[in-house]
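Enquirer: First the structure, then my questions, so here it is.
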Amino acid sequence: MSDHGHDHGPHGPTGHSGHAGHSHGVSADADRRWLGIALALITVFMAAEVVVGVVASSLALISDAAHMLTDAASIVLALIAMRLAARPAKGGFTYGLKRAEILSAQANGLTLLLLGVWLAYEAVRRLVEPPDVEGGLMLITALAGIVVNVAAAWCISKANRTSLNVEGAYQHILNDLFAFIGTAIAGLVVVVTGFARADAIATLVVVVLMVKAGYGLLRDSGRIFLEAAPADVDPDALGDKLVAQPAVVEVHDLHVWQITSGQAALSAHVLVQPGSDCHAVRRDLEELLRQDYGITHTTLQVDHIPEQLLQVALRGDRSPPDGTPHCEDAHGPVHRGEPHGH
1049 MSDHGHDHGP
1059 HGPTGHSGHA
1069 GHSHGVSADA
1079 DRRWLGIALA
1089 LITVFMAAEV
1099 VVGVVASSLA
1109 LISDAAHMLT
1119 DAASIVLALI
1129 AMRLAARPAK
1139 GGFTYGLKRA
1149 EILSAQANGL
1159 TLLLLGVWLA
1169 YEAVRRLVEP
1179 PDVEGGLMLI
1189 TALAGIVVNV
1199 AAAWCISKAN
1209 RTSLNVEGAY
1219 QHILNDLFAF
1229 IGTAIAGLVV
1239 VVTGFARADA
1249 IATLVVVVLM
1259 VKAGYGLLRD
1269 SGRIFLEAAP
1279 ADVDPDALGD
1289 KLVAQPAVVE
1299 VHDLHVWQIT
1309 SGQAALSAHV
1319 LVQPGSDCHA
1329 VRRDLEELLR
1339 QDYGITHTTL
1349 QVDHIPEQLL
1359 QVALRGDRSP
1369 PDGTPHCEDA
1379 HGPVHRGEPH
1389 GH
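Just so we're aligned, residue 1049 is where the sequence shown starts under my numbering, counting upward by one.
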């Protein structure tokens, strides 16, 4: 007997209740409103900061503005991705366009790294030959930037941060806040001591923050594109937990991946003892995955194990006596109810 536990969502054939209250990324109009307010704050201040940075000859202010540009871009891309992700799955896009936000996250991360390289070069050049810097303008603008970033971070914290884009923008704004604090300190140093190189040193601090944030976005989005398991899920431990459930003899072809940020999926082939209720086993496994791992998008193929394979599993052998495995092209380790290598 074979039982495919396809999770089609609330309107699909099975309609599993695990979807109730479960949101993926950002979807509500309220979220778009909060993001829009944060975007307006960042954009207006960023434009003003570029002007002041040029007038004051402050690379730290210009680098802060560049960082804010990536923040604004990440919010714009998040808003676009929200629209795309809301489109229903159709045609060749069987998951819809939910990974649009992951594409934008990669673009945002790459932009951060490229800007960081350019600003690092400029900062080193200014360390060697420091220009005259208007410390007073630096200090005043940085203090204003602290206020703006606190307000923008508060707005984004009100939105749904399960989206990689929104969480990335939130972390960027927090980094901006720290960068503005550094710029304010550098401006105060210039005003009090006239040490112009403080501007370039503050820029290098911003660069470090940009590289850290950019690398994090590329790493997280790359894991999703490579269909790695969610960072908080150990597939081997998960497989062992599934095979430890009543009536389950073996679990193989176990795959767990992320469709997009905050939306994991799982598929597996499960062999159960002869005479067991496949439907009941599938329901129990789905409930375990929902409760313990938050995974509600599951496809479980549940079969009765042939008597020949049952004897093999009980002996701990890797293949039946004739050398033919149950699956011709099995992927990954086979989980059984005895010690095994991963």
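Each residue gets a CB set at the ideal place from its N, CA and C atoms; glycine is no exception.
(1) Check each candidate in Arg1080, Val1254, Asp1280 and Leu1145 and name the one with the smallest Cα separation from His1220.
(2) What do you get for Thr1118, buried or exposed, if any count of 16 or more other CB atoms within 10 angstroms of its CB means buried?
(3) Should the region 1240-1257 be called in touch with the region 1101-1120, which here means at least 3 C-beta pairs below 8 Å?
(4) At what residues does the alpha helix (DSSP H) containing Ile1194 begin and finish?
(5) Work out the CA separation of Glu1149 and Met1130 for me, nearest whole Å.
(6) What does DSSP give as the partner residue(s) for Arg1384 in the beta ladder?
(7) Which residue from Phe1093, Asp1268 and Thr1251 puts its Cα closest to that of Arg1174?
(8) Expressed to the nearest angstrom, what Euclidean distance is found between the alpha-carbon atoms of Gly1164 and Ala1121?
(9) Since His1257 is in the alpha helix (DSSP H), which residue starts that stretch and which ends it?
(10) Quick check on this structure: which residue in Gly1193, Leu1151 and Leu1319 has the alpha carbon closest to the alpha carbon of Gly1230?
(11) Within its chain, find whatever has a CB closer than 6 Å to the CB of Ala1279; leave out the 5 residues flanking it on each side and keep chain order.
(12) So what's Gln1311 in DSSP terms, helix, strand or just coil?
(13) Since Val1318 contacts Gln1349 with CB under 8 Å, what's their CB separation in whole angstroms?
(14) How should Asp1112 be labelled, buried or exposed, when 16 other C-beta atoms within 10 angstroms of its C-beta is the threshold for buried?
(15) Got a sec, what are the start and stop residues for the alpha helix (DSSP H) Thr1142 sits in?
(16) So what does DSSP say about Thr1346, is it helix, strand or coil?
(17) Whose C-beta lies closer than 7 Å to the C-beta of Val1295 among residues of the same chain, with five residues either side of it excluded?
Expert: On the basis of the supplied data:
(1) By 1-based counting over the sequence shown, the position of residue 1220 is 172. Residue Val1254 is the option with its Cα nearest to His1220.
(2) Sequence index remark: in the sequence shown, residue 1118 carries index 70 (1-based). So Thr1118 counts as buried.
(3) Pairwise C-beta distances place the region 1240-1257 in contact with the region 1101-1120, as three or more of them are shorter than 8 Å.
(4) Locating residue 1194 in the sequence shown gives position 146, where the first residue counts as 1. In the DSSP assignment, Ile1194 falls within the unbroken alpha helix (DSSP H) covering Gly1183 to Ser1205.
(5) The residue given as residue 1130 occupies position 82 in the sequence shown. The residue given as residue 1149 occupies position 101 in the sequence shown. When rounded, the distance between both Cα atoms is 7 Å.
(6) On the sequence shown, residue 1384 is found 336 positions in, with the first residue counted as 1. Looking at the DSSP assignment, Arg1384 forms a beta bridge with Glu1298.
(7) The count along the sequence shown starts at 1 and reaches residue 1174 at position 126. Per the Cα distances, Thr1251.
(8) The residue labelled residue 1164 in the question sits at position 116 within the sequence shown. The residue labelled residue 1121 in the question sits at position 73 within the sequence shown. For Gly1164 and Ala1121, the distance between alpha carbons rounds to 16 Å.
(9) Sequence index remark: in the sequence shown, residue 1257 carries index 209 (1-based). Sequence inspection shows Leu at residue 1257; the His mentioned does not correspond to that position. Arg1245 to Phe1273 is the extent of the alpha helix (DSSP H) around Leu1257.
(10) On the sequence shown, residue 1230 is found 182 positions in, with the first residue counted as 1. Nearest C-alpha to Gly1230: Gly1193.
(11) Counted from its first residue, the sequence shown places residue 1279 at position 231. Around Ala1279: no qualifying Cβ.
(12) Mapped onto the sequence shown, residue 1311 falls at position 263. In this structure, Gln1311 counts as strand in the three-state DSSP scheme.
(13) Here residue 1318 corresponds to residue number 270 of the sequence shown, with the count starting at 1. Here residue 1349 corresponds to residue number 301 of the sequence shown, with the count starting at 1. Correct: roughly 7 Å between the Cβ atoms.
(14) Within the sequence shown, residue 1112 is the residue found at index 64, counting from 1. Classification of Asp1112: buried, given that the 10 Å Cβ count is 16 or more.
(15) Translated into positions along the sequence shown, residue 1142 becomes position 94. Where Thr1142 is concerned, there is no enclosing alpha helix (DSSP H), given that its DSSP letter is neither H nor E.
(16) Taking the first residue of the sequence shown as 1, we reach residue 1346 at position 298. In the structure shown, Thr1346 sits in a strand (DSSP, three-state: E or B).
(17) The sequence position of residue 1295 within the sequence shown is 247, counting from 1. Checking the sequence, you will find Ala at residue 1295 rather than Val. Same-chain partners within the cutoff: Val1320, Gln1321, Ser1324 and Val1329.
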